[in-house]
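Participant: What follows is a structure written as structure tokens; I'll ask about it next.
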Amino acid sequence: MSEAIDILASMSAATLRVAAPLVLAALAGLFSERAGVVNIALEGKMLGAAFAAAATAAVTGSAWLALGAGIGVAVALSMVHGFASITHAGNQMVSGMAINVVALGLTAVLANAWFRQGGRTPLLGQGARFRPIEAPFADALRDVPVLGPIYADVIGGHNLLVYVAFALVPVAAFVVGRTRFGLRLRAVGQNPGAVDTAGIGVDGLRYAALAATGLLCGIAGTYLSIAHGAGFQQDMTAGKGFLALAALIFGKWRVWPALFACLLFAFTDALQIRLQGVALPWVGVVPIQAIQALPYVLTVLLLAGFVGRAVAPRALGQPYLKEKR
Amino acid sequence: MSAGRLPRVVDWVLLPAANLCAAFLVSGLVVLAVGENPLRALALLVEGAVGYPEAIGYTLYYATNFVFTGLAVAVAFHAGLFNIGGEGQAYVGGLAAALVCLGLDFLPGPAIVPLAILAAAAGGAAWAAIPGWLQARRGSHVVITTIMFNFIAAAAITWLLVNVLIKPGQQSPETRHFAEQAWIPSAQAVLGALGVPMPRSPLNLSFLLAIAAAVAVWAFLWRTRWGYALRATGHSEAAALYAGIDTGRVVIVAMLVSGALAGLVAANEVLGVQHRLLLNFVGGAGFVGIAVALMGRNHPVGICLAALLFGALYQGGAELAFEMPDLTRDMVVAIQGLVILFCGALERLFRRPAERLFAARRAPAGEP
């Protein structure tokens with residue numbers, strides 16, 4: 001019994017740790033896409049932030065400066081995205097892809113040139129990272145049956161950025177759903193012409209949305225390299241940005257369902273590690289690749305309308321040109 | 326939209342050149358940031374790419390891949406679609422070609438090689454057709470589905486290679502080598518038979534296939550009814566629909582052609598060089614195709630030139646990394662991203678000032 005509880009607690013904890021960057025990146029994508037700017041660049045923005053954070057932490061030894069650097073780089077990449085796709089009405093998908101490829105190449109070159117460790121940044125000491133935070137009295141309460149391990153490992157024991165990620169979910173829900181900025185943001189993704197007619201600048205709103213995207217991607221990338229990991233590795237996002245995009249679509253571009261999708265995808269990841277080589281009753285050994293591909297298959301099925309229906313913001317992907325109205 | 330307002334030479338030569346220069350200028354700044362001399366790096370790169378016969382072989386070999394993926398992206402672009410799935414489509418094409426080579430290796434060369442090439446094209450086409458069909462009939466966006474399909478293809482082929490196709494008694498997940506008659510002959514062998522000496526390089530006859538594909542794509546897009554329907558749909562879906570074109574079918578056909586072209590990467594890599602299926606043999610060529618298509622302005626001639634440039638970058642970049650260890654081959658990836666940014670997303674950066682300039686010159690003084 002207690003073993004089952006321990007497994008459950010450790011899997012829940014693993015799910016939360018994997019989900020944290022997905023949640024941040026999915027929220028990042030939500031701000032941008034609800035404002036009508038397609039964001040396949042979450043991957044690149046996270047990767048840029050992960051490198052900037054790790055490099056800063058390695059040089060200064062300060063996790064907080066690293067977080068600032070990570071956010072700074074991700075916001076800068078977001079502004080490039082905006083400059084191309086808002087100011088110059090370029091193709092948003094092409095612009096996003098460009099940022100992904102630039103980030104992939106540039107982080108690898110700079111990591112190798114500046115630190116000379118084959119594309120990695122130096123392994124960070126404890127002081128330069130966001131460390132797990134013990135829940136109060138966790139050790140004393142650990143022996144309490146059922147609730148003890150859950151309290152110590154699932155609720156407590158994560159690093160600060162995990163809590164930040166989940167705390168930002170209600171904040172994002174409030175900002176998008178309940179504030180004037182959020183209303184305008186959603187309107188600009190549905191019908192930018194109407195927003196313009198109401199005398200509100202479309203471009204400014206979209207830039208603001210992209211700034212929020214950068215902020216959130218910055219935290220997500222920082223989490224990967226100096227909170228979850230202890231340094232930068234080449235291509236360390238490894239598709240997490242696209243997974244977050246899938247979660248956002250799976251959540252139908254809404255905050256709480258997107259959170260649910262992130263938790264689901266993260267859980268399949270935790271499950272996959274657990275299930276490696278284990279034969280299940282009825283099905284036998286499930287190939288890990290099948291579980292890895294599951295989020296993508298589910299997203300395709302959802303988009304195709306075979307399981308529910310995901311309707312994108314109506315103006316998604318269309319540059320807004322005043323003179324074309 | 327603005328082709329009529331600018332002189333052709335500006336539209337087709339000067340503006341693309343300006344965009345490309347901007348991309349290379351920023352790349353030069355990166356080289357400076359790393360602490361190397363950009364001009365010396367450029368010289369080393371050019372020397373490494375075309376300085377000796379073996380290097381030229383490598384440059385053309387890389388270019389072969391990029392012609393295929395560049396054409397793949399361009400055909401989709403002409404239909405108004407952005408196919409990011411070249412990577413996965415080439416991977417599935419490789420799988421199909423490998424299955425033919427492994428299963429039918431009792432056939433003689435003249436039968437099995439064309440069959441394997443067709444299989445590569447068919448595999449790529451099939452993997453692209455599903456996202457195409459989903460967009461045309463179910464309304465899901467082709468960009469998102471092709472991204473997802475890249476991951477699904479990678480997972481499925483990894484599983485197949487690790488569990489099913491792996492050569493028995495071997496650690497690394499690769500198939501056995503194909504029988505020799507299934508190989509596409511190398512340029513060295515062919516030219517050697519003709520009495521022309523050529524050093525060893527991965528260049529093989531797929532290069533000619535790539536040129537043939539470029540001609541075929543040109544004929545398809547600008548000389549056939551299908552190509553017209555495709556371009557019309559890409560230009561204005563509503564107008565095409567009004568003209569009686571089945572735009573849904575056009576989307577599917579465009580993705581089929583696009584995927585088939587991407588699948589042909591396998592002809593070069595799997596049939597021509599590796600002679601076996603191995604993990605991640607596509608190695609990013611699908612993404613290079615995006616940069617190549619944008620830089621070549623989606624025209625086969627431009628794509629061939631851009632593919633040559635990227636082939637030279639990949640080969641020269643490898644040589645450069647020897648001489649300047651701080652500039653790893655990832656620098657080429659960064660350049661590729663900057664080309665996508667400046668030639669694709671920021672395509673209008675210099676266009677607007679140019680248009681204003683020419684409009685001002687054309688308008689007689691005194692008139693508003």
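Taken in order, these protein sequences are the chains called G and V.
Under my numbering, think of the first position of the first sequence as 1, with each following residue one higher.
Under my numbering, think of the first position of the second sequence as 326, with each following residue one higher.
All C-beta atoms, glycine included, are put in the ideal place defined by N, C-alpha and C.
Between residue 692/V and chain G, is any beta-carbon pair separated by less than 9 Å?
Facilitator: The residue labelled residue 692/V in the question sits at position 367 within the second sequence. With a pLDDT of 47 at residue 692/V, under the threshold of 50, the predicted position of this residue should be treated as unreliable, though the coordinate-derived value follows. Not an interface residue.
Participant: Are residue 255/G and residue 140/G touching if we call contact CB-CB under 9 Å?
Facilitator: Here residue 255/G refers to the residue found at position 255 when the first sequence is read from its first residue. Here residue 140/G refers to the residue found at position 140 when the first sequence is read from its first residue. Cβ atoms of residue 255/G and residue 140/G: not closer than 9 Å.
Participant: Measure the Cβ-Cβ separation of residue 49/G and residue 317/G and say whether it is below 9 Å.
Facilitator: By one-based count along the first sequence, residue 49/G stands at place 49. By one-based count along the first sequence, residue 317/G stands at place 317. The criterion of a C-beta distance shorter than 9 Å is not satisfied by residue 49/G and residue 317/G.
Participant: What does residue 284/G pair with, by DSSP beta-bridge criteria?
Facilitator: The sequence position of residue 284/G within the first sequence is 284, counting from 1. In the DSSP output, where bridge partners are listed per residue, residue 284/G has 280/G.
Participant: Apply the 10 Å Cβ neighbour rule to residue 238/G and answer buried if 16 or more other Cβ atoms are within range, or exposed otherwise.
Facilitator: For the purposes of this step, residue 238/G is taken as the residue at position 238 of the first sequence. That one is exposed.
Participant: Whose C-alpha, out of 374/V, 397/V, 402/V, is nearest the C-alpha of residue 559/V?
Facilitator: For the purposes of this step, residue 559/V is identified with residue 234 of the second sequence, where counting begins at 1. Considering only alpha carbons, the answer is 402/V.
Participant: Which parts of the segment 576–651 of chain V are runs of the alpha helix (DSSP H), unbroken and 4 residues or longer, counting only runs that do not cross its ends?
Facilitator: 610–620, 625–648
Participant: In the structure shown, what three-state DSSP assignment does residue 328/V receive?
Facilitator: The residue labelled residue 328/V in the question sits at position 3 within the second sequence. With a pLDDT of only 43 at residue 328/V, under 50, the local geometry of the prediction cannot be trusted, and the value read off the model is given with reservation. Note: residue 328/V maps to helix in three-state DSSP.
Participant: For residue 599/V, count neighbouring C-beta atoms within 10 Å of its own C-beta (all shown protein chains included) and say buried if the count is 16 or more, exposed if not.
Facilitator: Here residue 599/V refers to the residue found at position 274 when the second sequence is read from its first residue. Counting Cβ neighbours within 10 Å, residue 599/V comes out buried, since at least 16 surround it.
Participant: List the residues that DSSP assigns as beta-bridge partners of residue 62/G.
Facilitator: Taking the first residue of the first sequence as position 1, residue 62/G is located at position 62. Under DSSP, no beta-bridge partner is assigned to residue 62/G.
Participant: Below 7 Å between beta carbons is the criterion; list the residues of the segment 65–95 of chain G that meet it against any residue of chain V, in chain order.
Facilitator: 84, 85, 88, 89, 90, 91, 93, 94, 95
Participant: Is the CB of residue 665/V under 9 Å away from at least one CB in chain G?
Facilitator: As a position in the second sequence, residue 665/V is number 340, starting the count at 1. Chain G, which has a Cβ nearer than 9 Å to the Cβ of residue 665/V, makes this yes.
Participant: Relative to the C-alpha of residue 130/G, which candidate in 240/G, 170/G, 63/G has its C-alpha closest?
Facilitator: The residue you call residue 130/G lines up with position 130 of the first sequence. Out of 240/G, 170/G, 63/G, 63/G has the C-alpha closest to the C-alpha of residue 130/G.
Participant: Using DSSP's beta-bridge definition, name the partner residues of residue 132/G.
Facilitator: Position 132 of the first sequence, counted from the start, is the residue given in the question as residue 132/G. Answer by DSSP bridge pairing, in chain order: 159/G.
Participant: Tell me, please, whether the CB atom of residue 170/G is closer than 9 Å to any CB atom in chain V?
Facilitator: Taking the first sequence and counting its residues from 1, the one referred to as residue 170/G is at position 170. When Cβ-Cβ separations below 9 Å define contact, residue 170/G makes no contact with chain V.
Participant: If you reduce the DSSP assignment to three classes, tell me which class residue 344/V lands in.
Facilitator: Position 19 of the second sequence holds residue 344/V. In the displayed model, residue 344/V falls within a helix according to three-state DSSP.
Participant: Does any residue of chain V have a CB that is nearer than 9 Å to the CB of residue 36/G?
Facilitator: Position 36 of the first sequence, counted from the first residue, corresponds to residue 36/G. Not an interface residue.
Participant: For residue 675/V versus residue 343/V, is the C-beta distance shorter than 9 Å?
Facilitator: Residue 675/V sits at position 350 when you count from the first residue of the second sequence. Residue 343/V sits at position 18 when you count from the first residue of the second sequence. Yes, these two residues count as a Cβ contact at 9 Å.
Participant: Measuring CB to CB, does residue 18/G end up less than 9 Å from residue 82/G?
Facilitator: As a working note, residue 18/G is residue 18 in the first sequence. As a working note, residue 82/G is residue 82 in the first sequence. Contact: no.
Participant: In the DSSP output, what is residue 499/V paired with across the bridge?
Facilitator: Here the question's residue 499/V lines up with position 174 in the second sequence. Note: residue 499/V sits in a beta bridge opposite 603/V.
Participant: So for residue 355/G, helix, strand or coil by DSSP?
Facilitator: Residue numbering for chain G in the displayed model covers 1 to 325; residue 355/G lies beyond these limits and cannot be assessed.
Participant: Using the Cα positions of residue 425/V and residue 66/G, report the straight-line distance between them to the nearest angstrom.
Facilitator: Residue 425/V sits at position 100 when you count from the first residue of the second sequence. Residue 66/G sits at position 66 when you count from the first residue of the first sequence. Using only the alpha carbons, I get a separation of about 52 Å.
Participant: Taking a contact to mean a Cβ-Cβ separation below 9 Å, would you say residue 109/G touches residue 652/V in this structure?
Facilitator: Here residue 109/G is taken as the residue at index 109 of the first sequence, counted from 1. Here residue 652/V is taken as the residue at index 327 of the second sequence, counted from 1. Yes, the Cβ-Cβ distance between residue 109/G and residue 652/V is below 9 Å.
Participant: Pick helix, strand or coil for residue 39/G, following the three-state DSSP scheme.
Facilitator: As a working mapping, residue 39/G is identified with position 39 in the first sequence. Three-state DSSP puts residue 39/G in coil, outside helix and strand.
Participant: Under the rule that 16 or more other beta-carbon atoms within 10 Å means buried, what is residue 508/V, buried or exposed?
Facilitator: As a position in the second sequence, residue 508/V is number 183, starting the count at 1. Buried, because 16 or more other Cβ atoms sit within 10 Å of the Cβ of residue 508/V.
Participant: What are the start and end residues of each continuous alpha helix (DSSP H) run of 4 or more residues lying completely inside the segment 167–242 of chain G, in chain order?
Facilitator: 180–190, 192–197, 202–222
Participant: If you draw a straight line from the alpha carbon of residue 13/G to that of residue 124/G, how long is it in whole angstroms?
Facilitator: Position 13 of the first sequence, counted from the start, is the residue given in the question as residue 13/G. Position 124 of the first sequence, counted from the start, is the residue given in the question as residue 124/G. The alpha-carbon atoms of residue 13/G and residue 124/G are separated by roughly 23 Å.
Participant: Once DSSP output is grouped into helix, strand and coil, what is the label at residue 12/G?
Facilitator: Taking the first sequence and counting its residues from 1, the one referred to as residue 12/G is at position 12. Helix.
Participant: Compare the C-beta of residue 673/V against all C-beta atoms of chain G and say whether one is closer than 9 Å.
Facilitator: Numbered from 1 along the second sequence, position 348 holds the residue referred to as residue 673/V. Yes, residue 673/V lies at the interface with chain G (some Cβ there is under 9 Å from its Cβ).
Participant: Would you check if the distance between the CB atom of residue 637/V and the CB atom of residue 334/V is smaller than 9 Å?
Facilitator: Here residue 637/V is taken as the residue at index 312 of the second sequence, counted from 1. Here residue 334/V is taken as the residue at index 9 of the second sequence, counted from 1. No; because the gap between Cβ atoms is not below 9 Å, this pair is not in contact.
Participant: Residue 205/G to residue 606/V, Cα distance in whole Å?
Facilitator: In the first sequence, counting from the first residue as 1, residue 205/G sits at position 205. In the second sequence, counting from the first residue as 1, residue 606/V sits at position 281. Roughly 43 Å between the two C-alpha positions.
Participant: If you reduce the DSSP assignment to three classes, tell me which class residue 390/V lands in.
Facilitator: On the second sequence, position 65 is the one that residue 390/V refers to. Helix at residue 390/V.
Participant: Check for me: the alpha helix (DSSP H) holding residue 93/G runs from which residue to which?
Facilitator: Stepping through the first sequence from its first residue, residue 93/G is reached at position 93. Annotation for residue 93/G: the continuous alpha helix (DSSP H) segment containing it runs 92–115.
Participant: With distances taken from CA atoms, which of 528/V, 588/V, 504/V, 438/V is nearest residue 385/V?
Facilitator: Within the second sequence, the letter at position 60 stands for residue 385/V. Just measuring C-alpha positions, the residue of 528/V, 588/V, 504/V, 438/V sitting nearest residue 385/V is 528/V.
Participant: Reducing DSSP to helix, strand and coil, say where residue 526/V ends up.
Facilitator: One-based indexing of the second sequence puts residue 526/V at position 201. DSSP places residue 526/V in coil when its eight states are reduced to three.
Participant: In whole angstroms, what is the alpha-carbon distance linking residue 220/G and residue 358/V?
Facilitator: Here the question's residue 220/G lines up with position 220 in the first sequence. Here the question's residue 358/V lines up with position 33 in the second sequence. One C-alpha to the other measures close to 26 Å.
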